[in-house]
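Numbering (mature numbering (1 follows the signal peptide of the UniProt record, and there is no 0)), first residue to last: -23 to -1, 1 to 349.
Backbone N, C-alpha and C fix where the C-beta goes; we use that ideal spot for every residue, glycine too.
Only a predicted model underlies this, so the values are computations on that prediction, with no experimental measurement involved.
Here is the structure:
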């Protein structure tokens, strides 16, 4: 269609970064009063299963032979359980991260989450220095300082805000509220101390502080898991899709154990309670989005990834204003601009030092050769 792979990668990264956050936020906020909220632990488990099946399918497509695929799975996975053991640490952290994303987006606006989640750049940089012995230039350290300043400004909008219910639009709720006002039920509920029940009925309660803790913990786990995964992959000869299958197996195991936290609700309402078409879209996006990004990153450089991240932050903010009644403050707008600038500055190549700044070395005179 006349579109280069580089620009196609930009479009895919932009759509994946924007749609996942917005749809996940929508699925956690817009809940039918007659339907329970779907469990985040089951959504993460099904996402791991879909990711695992997708990796097996791609491996079979590459080998173009079912017997060959089964041979690779037996040789690299069944006969080498120690390789799966290496994946326990990153897979466990990724499972924790995916569960925390649901907690964060249940308590933070999509735009606030999108900006704050860029702190994973800082955690990844710090762990890469500690674990991979990398050296960061002054430009990158300056970008990381800007990132912390920007995120701090964004979080000033949530300072002092308490847990508040998210209002969910529904016809039944409007009829109930109108009938209650006409019949004088508002005063009765206020006098009887049942206001908290009405808040819970009106929608899920969000707490910005819990959301902030969840997203910061997710950033730390993401940075450590990414650097750990890169370290164990150095010198490995296994195929990328085989590694993803190993990671998916251990990730599905951790996600299955995580469902024991919600076992009582699962026994009462079933594992698919609260699931809608939007829920399955979110699960599929979370499962396939990471694999899709891993493919397109081959064609996208750091500048392009930073550009896609910056655009996704802007898009998330605009959509949150129109669809989620989000009102960004002046501090939020300024902090978002600082984060976008720091993301771009961190991803761009290090600029050469101008000649008038570069220190000049004194020329040492070479002594004449000695005569024997």
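May I ask which residues mark the beginning and end of the alpha helix (DSSP H) holding residue i?
| i | result |
| --- | --- |
| residue 58 | 58 to 63 |
| residue 105 | 97 to 108 |
| residue 130 | 115 to 132 |
| residue 245 | 240 to 246 |
| residue 28 | 17 to 40 |
| residue 311 | 307 to 324 |
| residue 233 | 217 to 235 |
| residue 92 | 87 to 93 |
| residue 43 | 43 to 50 |
Is the beta carbon of residue i less than 8 Å from the beta carbon of residue j?
| i | j | result |
| --- | --- | --- |
| residue 197 | residue 83 | no |
| residue 95 | residue 316 | yes |
| residue 97 | residue -6 | no |
| residue 14 | residue 227 | no |
| residue -3 | residue 119 | no |
| residue 313 | residue 192 | no |
| residue 236 | residue 22 | yes |
| residue 263 | residue 75 | yes |
| residue 243 | residue 16 | yes |
| residue 36 | residue 218 | yes |
| residue 77 | residue 202 | no |
| residue 88 | residue 251 | no |
| residue 33 | residue 92 | no |
| residue 109 | residue 207 | yes |
| residue 229 | residue 29 | yes |
Does the beta-carbon of residue i have 16 or more other beta-carbons within 10 angstroms, so that it is buried, or is it exposed?
| i | result |
| --- | --- |
| residue 112 | exposed |
| residue 285 | buried |
| residue 81 | buried |
| residue 305 | buried |
| residue 221 | buried |
| residue 25 | buried |
| residue 350 | This structure gives no information on residue 350, because the portion of the chain shown stretches from -23 to 349. |
| residue 300 | exposed |
| residue 42 | exposed |
| residue 240 | exposed |
| residue 49 | buried |
| residue 247 | exposed |
| residue -8 | buried |
| residue 292 | buried |
| residue 107 | exposed |
| residue 12 | exposed |
| residue 224 | buried |
| residue -11 | buried |
Would you kindly work out how many angstroms separate the C-alpha atoms of residue i and residue j, rounded to a whole number?
| i | j | result |
| --- | --- | --- |
| residue 323 | residue 116 | 7 Å |
| residue 334 | residue 186 | Below a pLDDT of 50, predicted positions are generally treated as unreliable, and residue 334, at 42, falls in that range; no measurement from the model is reported. |
| residue 188 | residue 307 | 21 Å |
| residue 321 | residue 287 | 8 Å |
| residue 204 | residue 105 | 6 Å |
| residue 123 | residue 67 | 28 Å |
| residue 255 | residue 266 | 16 Å |
| residue 39 | residue 60 | 22 Å |
| residue -1 | residue 261 | 11 Å |
| residue 209 | residue 46 | 24 Å |
| residue -16 | residue 232 | 33 Å |
| residue 52 | residue 79 | 36 Å |
| residue 269 | residue 72 | 18 Å |
| residue 19 | residue 85 | 21 Å |
| residue 216 | residue 311 | 44 Å |
| residue 249 | residue 318 | 42 Å |
| residue 114 | residue 102 | 11 Å |
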